[in-house]
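Protein chains in written order, with this note's numbering: chain A, 44 to 384; chain B, 44 to 384; chain C, 44 to 384; chain D, 44 to 384; chain E, 44 to 384; chain F, 44 to 384. To start, the structure under review is shown below, and the notes come after it.
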């Protein structure tokens, strides 16, 4: 039994070494990653009891992926095996004015063929308190979407908290389709994680006065955005936003906002020399879920989640490698980065 | 215009470094390869004028593949661009008693969607003397097979010599389907490259007395095999066999046989400490086509092709990197490998 | 609960890259390993339910070691954490006439400070069928030896099969001390794994006529050696020997012998181009334990264990990376190493 | 036939890995580069039809260089082969307050021995619209200079636009010699690329009020400089300046100015976290030539060339790897570097 | 004979590659380092005649360390060989808000067992002008401390200048013990190197008004601190402080102060994009000793030492790789980092 | 003062990684090497007091070379600095039937410009017992040859033993020129190292019955060869031959012969799986000089030198990394290569 279960696709990530362009590479650094897998890894790193649910093919590449999840302390016993292939994504890391590029090669991956019949929901949700998914999973295929519906329904029946990271990917589905499906699914959620741009793109809800690129975050604007979302989705008890300002591919500013019934809380804003920003949003989700499950106050929760995701920017790969103690230490130190001997 | 045209799939090859198993790798060495692309590269290395025809997606990974072919001197202007993805194959190099493992991930690759209408056969075959393909290409999809039929027909109309490397891959199609299709296609060929095992598997023709694993190659047995093939496929003027004895994943023995109207010629047998044996058969094809196009005698041709493919075993990657001078030097030296200063 | 439990030290292994000498290295390849940890990994690879018991310090290096064990499927929940440091061993891989060199730096490592009081034997041995240790563990420190005694006694009480790999290391203790302690401990074992040289060094028992370096293994000689051991150690039901002939640091010959009440069984002898021979003996132990637990016949068991350890020679690192299917495939193929597509 | 021809030396570049000093390296990253080769590569990357002309020795190192140029789409058929050796330059990348260091080893390289008789100017300039060279080429040797004179004369006869990047290297020749020769050659050019410092050093012409290190670029000062140059060199229709402010070896500011009959146009100024700044000037030249050949307005041209060279700073190696689309995208985005999925 | 002698521990440093966390590494970059060894290397780099004194085990790892010192020009003939092991430290490089982490594994290393009897002080100090040590050496063990006392006494007898870098490491000893011992030892020194925090921690002396994290360094505050120290330690003729402001693990500000009888001199303040900050303090010590030995003025001395340590931040490893010419060039250029061709 | 002095060129060696061909490399492994430098390093490794004399340019690449020699314990204080450049050689390692290839780029290197006036022969030969050079040095330039003549004369005057490794390189000079010069120089030598092929090529002296490629070495044939040489060169007291049989680029057989007044002694013949064979002959010279200086018997000397050079084949780079103890251990063990723990 696992306290937290996440469901989604985990892919092989193939990245050109250092700052090499695709045209220059004669090899790739490899790791595994994907939104909900990253959230489970983040949670396990904090010491939480997290399981990842998905479907992977029966070959040595998928075996290596399962081993990587195990190594990071994630429960992998519920993973289904079968289908054709692992999804892959190729990545070229940007620098300065040159953006990172991602080429997805995830068509026909095993999770697209998942069937409701394969899901043993009793076993999967035995003792579970929290279920998490993202909009990416909803967009993959009809079968995946149906599996997701089954899981959300099963979670709600069992009074399991359901969280969703909106995560809109325009290459996977149209805005219209996303709006229709995500309106349905978010309506069934307790916690929503998103950003200002997505809310506008998918739900047409804008944060009046949210000066995204400016130096200051206006809590009022985000409070208004949260209110509008809460009006639309009655089940939501917590709504979180991440706020990224891209100075360049090398330097980003990052802050987070959490709106609950107690008000709207804005985290410290970090200016970050980026090592690897992929998976930072997932690390925020992990930090938030961990905080809320452990009854931290909203202020503590948003600072913990923001610091956790700030740290992720400094770690290579999709997976967050950070303990709760390291996150707490960052909150305390403010990020001066003095050598720890 | 190119003297030689080959048609088939070129894939991205992702290999674990050194002797790492899939379970141990956190990166892959990358190169490109595929039967007919390898043949074109081999020919260009010898100084021949070779073009590769295929279909590749429009992304930077495929751009890198085209650049790699250009770098090796292959004509790439006829390549079609479009479709979904590049085929990939993953490779783990064996050693001693542990065999190499290959995991194919080539479903849905662009060449599977090639349409006859995309082929500008006039332009492609302008000035061409030789067309080469392999059984793998025939097995990929119905669309690929149809494109192949169009190309073979176009070649025959223009009196272009057609060669086929039988190359049976049991994961791609059934023996029955392979027999049916390859019987049709080999019937249209002038030159066939194969081995004893495939001839038996696909055409049910055996080499009586071919002691494959023994120390001596019996030309008589292969002469009989060639005679049986020639009886079945009237157009064949030259039939070549490769003969690999796998002592272990680290050491192979390798010899080649060429049967023409002038008789059956057996090459020197090489005992090889393997660096990379993938693509050795393609290097043999390249050596054979180069020799026959350049009017070498059958004896010279089989020695040249055998030496070329022996050299390929010592080079990393699918592509042969050898000049005709290097092949000739091996034939002369016998392979003592003294330092060339 | 775990079917098999092993107890011993796991160390960080730091190896110069490729064939670099210590004098040439500006970096090390790192992995983890140690006799009993290797056995647990080998067993988990075959699909068995194996736990590793030891003591490791509380730092990120030891965390990485635990993650590596988890990744390979070993149960790590029983591991104690505390003490000063991880043991380390430095390794320089030999080639041809130059031998591999190992520099141990294991003094003061956490397992040397293990206390009986830390061992929750009820929990550790809940449901366990087999307990395994080696002579190295007995030699580490008095405290480690006492812990080992507690574990062996606990195992015998619960009718758990006890196996010992004699593994004499002359840098850890004197021959006299080893004889005294190992005579005590082997007297409590059901299964002994050793080789001809160790039996002579430690117990003064020689295999008359065992022509170690010759081309043929004489089962009679080993039957005699086993009989002498059985006479001395009444509990032994199975005695296994490994037989290594070192042609050079690059090529070894390897065979195994198993003596049970049904007779003395000699495995196929492998001539191996070595990738990494460290841990091959442990892989033999894993293969043997797996076979005996799964009721294989002595002949099957010795062939399985020999093939498993042959494969280990072809894999980098201490850990065996091989499935039971791969071992069976080697037994069937005889080791020709043909590419598996 | 090629639309654009460039002439100069291409060298092997050997760079210590990462930020290693020469004293620390036991290997080098290798690529090829040289002013005019870089310009040809940049142009080919934008989709232009560019040929590189030079002389290289007949060995495998030069073969690899030719392959690298082919891979990037440059026409290499006009390259002469012969002479003694390839020029080499060694490079140690600086960081923060430590400057990059370059050690040239280019004496006696093949291009120094080029003879006019080897140049088939009819074939080389068949269909050509633009010829480009730099001051470095003029400085190499008398023979190289003579070849350059022949090429410039040939270009002018054929009404081919001639551009020169002044590129003064004080280790190659004295200021006096440079002044004499470059005054002759620039007098034959249509387009000049330079910077404020070189104009002063070589031609003694200063940009009054050009506050190089300040935060603002004064177009007036550069307009004055351009006017003075135009007075001296009557053929010049376009004069471009690059303006680099070196905050440190890690961060540079970069802007470009183009003066034509339509006025003096200043590009956006970029602040760049440097990956590799070598070849940035050449990338500017490529962007400028591409723009002018494609009838972009001066404003568009200077922005395109500035963005192209900004991107080059983010790419390892001498060669620019950027498409025209990527350059346009940077102009549009302003360089925020958001991930492109 | 060597002009300068330093005494302390040199360790093997094992660092995860690039920005990998301990959890992600399967290898380490290796170099050697330790406070006083680093000082000797820095001095030798400037052309000084420096010897390093310590005790190292008799194995190939220590041989490699000695070779590394020799390669950098340090006199190694006085090194004692014997004892159990080399000290090791593991390092994970931080980035942005994530701090670097160091795990020490130095217990039981050979220098801890050094005996006074092993020291041939006549030979060691023959012709010596300067002796340097740090507080770390004093903290290692009683035996090391006694050896240090013998060396200091021997130096004073011979009128050799004695310098001490306070270097308090809280994991090695308590504040109380440090205060007691360092009060004794600094009382015997001519030159002290420290920082504001240590002075407060160890001697309870504060710099009134030293706004450490602010943008401006107040010489008055440091003059007061120096006066207080001089009052306590009568022998001190020069007192130097380093002043590090940690913006993040990626960017630090760095300045240095030197107080002599001529007044209190503050260096230029550098803002540094860090490559490797370990050993920067030692590089400052080397620069200071070199300057004072070479009779530079206090102003020149503090600028030289500050520039030397600024440069060290841009070089990987503990060892400074910089000539006196490079340091002077930085002082002149101010750090713009223009490429040196 | 150094017991042994060697004189020759040391070059930068740039080798493609692993088994990559020049066409495949985007980097080189770098080390330093050259006949006489290798001999000095080999001698220093055995504990002898060896100095290397040469001329190197004043740049950081040459500094790195000097550091590498120092690290290996060679006395470098006599090295001259000046001239244009370091010699370079590029290397591609062969495998199996593919030979290694070397591309020299040594023209114009500093040693070619050495002047007699630069040589302080008093200081260089102070206390020296042995002077060694090779035929390569004699072939470099007239100036180098003159310097060599000065050194040989100086050695003879001081009764220093002079040894020469004939080492004929056909790319450096003609057979006729080599014969003329080497006849002069060998006439001044006490010890000659050569092989059967060179003796024939240069001096026209053949070893009747020396079945080079056969399995057995005939001492009689070599005794005859030695007698003929001794007749021609009256000063020779010891003549040594190396005997390489190239089975392939991966496997060589290697034996050595020493002829003195006591007879003709043949070493054990080694069959070697090659790691790197470059410098093996130099390692033989070092072993021979070391043995003769240390008054070993001819039998001991030839076995020591043969074992030393056998070991060199297993070590990457030009330099031998072996202690006298390791060489002795190989002689004792016969080369079984058992792990040394």
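Positions of the beta carbon are idealized from the N, C-alpha and C atoms, including for glycine. Predicted, not measured: the structure shown is a model, and the values here were computed from it.
- According to the DSSP assignment, residue 287 of chain F belongs to the beta strand (DSSP E) that extends over 281 to 289.
- In the three-state DSSP reduction, residue 148 of chain D falls in the strand class (E or B).
- Between residue 355 of chain B and chain D, the shortest Cβ-Cβ separation is not below 7 angstroms.
- As computed with DSSP, residue 48 of chain B is found in a beta bridge with B/94, B/174.
- Shown here, residue 265 of chain F sits in a helix according to DSSP, grouped into three states.
- Going by DSSP, residue 224 of chain D is part of the alpha helix (DSSP H) stretching over 218 to 229.
- Measuring C-alpha to C-alpha distances from residue 122 of chain D to each of D/144, D/163, D/224, D/141 identifies D/163 as the nearest.
- The beta carbon of residue 193 of chain F lies closer than 8 angstroms to those of 159, 162, 164 in the same chain, with the five residues before and after it left out.
- Just so you know, the alpha carbons of residue 169 of chain A and residue 81 of chain C end up roughly 34 angstroms apart.
- Residues of the same chain with a CB within less than 8 angstroms of the CB of residue 144 of chain E, apart from the 5 flanking positions on each side, are 65, 134, 135, 137 in chain order.
- Taking one beta carbon from each stretch, the segment 108 to 116 of chain C and the segment 44 to 57 of chain D have fewer than 3 pairs nearer than 8 angstroms; the two do not touch.
- A check of alpha carbon separations from residue 179 of chain D across D/202, D/154, D/271 identifies D/154 as the nearest.
- Secondary structure at residue 163 of chain E: coil, using DSSP grouped into helix, strand and coil.
- One alpha carbon belongs to residue 156 of chain D, the other to residue 188 of chain F, and they sit about 28 angstroms apart.
- Using beta-carbon distances, residue 154 of chain B does not count as an interface residue toward chain A, since no partner is under 7 angstroms.
- For the pair residue 235 of chain D and residue 183 of chain D, the CB atoms are not nearer than the 7 angstroms cut-off.
- Under DSSP, residue 118 of chain A forms a beta bridge with A/94.
- In this structure, residue 317 of chain A sits away from residue 302 of chain A, with a CB-CB distance that is not shorter than 7 angstroms.
- Closest in C-alpha terms to residue 304 of chain D, from the list D/240, D/349, D/382, D/277, comes D/277.
- Counted as a single uninterrupted DSSP element, the stretch harbouring residue 314 of chain E is not any alpha helix (DSSP H) but the beta strand (DSSP E) occupying residues 313 to 316.
- Residue state for residue 319 of chain F is assigned as coil, using DSSP reduced to three classes.
- Membership of residue 139 of chain C in any beta strand (DSSP E) is not indicated, and neither H nor E is assigned to it by DSSP.
- For residue 237 of chain D, the pairing in a beta bridge is given by DSSP as D/284.
- Along the segment 140 to 166 of chain D, the positions whose C-beta sits under 8 angstroms from a C-beta of chain E are 140, 141, 142, 143, 144, 145, 147, read in chain order.
- What residue 124 of chain B touches in chain D, judged by beta-carbon distance under 9 angstroms, is nothing: the nearest beta carbon there is about 14 angstroms away.
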